[in-house]
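Asks: One structure, as structure tokens, below. Some questions next.
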Amino acid sequence: MTELSMQISGMTCGHCVKSVRDALTSVPGVEVEQVAIGSAKVRFDEKKSDVAQIKQAVTEEGYLVSVVG
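Per numbering that gives the first Met the number 0, the very first residue in the sequence shown carries number 0; after that it's consecutive.
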């Protein structure tokens, strides 16, 4: 499993946190470790998904995503 930390712009409330969490859990092989306003941390199986798919899931919810580290 690979760890991925993201900075997410546009999140302002608990609904945003839920939307991002739901988007991340919809990606195959992703385990959500933490989602807070402005950030998220996940672990993912590189055999089932990749960083681009994870970022796309969040972007499709209307947020801007940057990988941290």
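Note that CB positions come from ideal geometry on N, CA and C, so glycine has one too.
Could you give the distance in angstroms between the alpha-carbon of T24 and the alpha-carbon of Y62?
Replies: For T24 and Y62, the distance between alpha carbons rounds to 16 Å.
Asks: On the DSSP letters alone, give me the boundaries of the alpha helix (DSSP H) that I53 sits inside.
Replies: I53 -> alpha helix (DSSP H) spans 50-58.
Asks: Per DSSP, which residues does A39 bridge with? Please list them.
Replies: Partner(s): M5, V34.
Asks: Closest by CA to T58, which one among P27, V19, I36, T1?
Replies: The candidate whose alpha carbon is nearest that of T58 is V19.
Asks: Taking all protein chains shown into account, do 16 or more other C-beta atoms lie within 10 angstroms of the C-beta of K54, making it buried, or fewer, making it exposed?
Replies: The residue in question, K54, is buried, as its Cβ has 16 or more Cβ neighbours within 10 Å.
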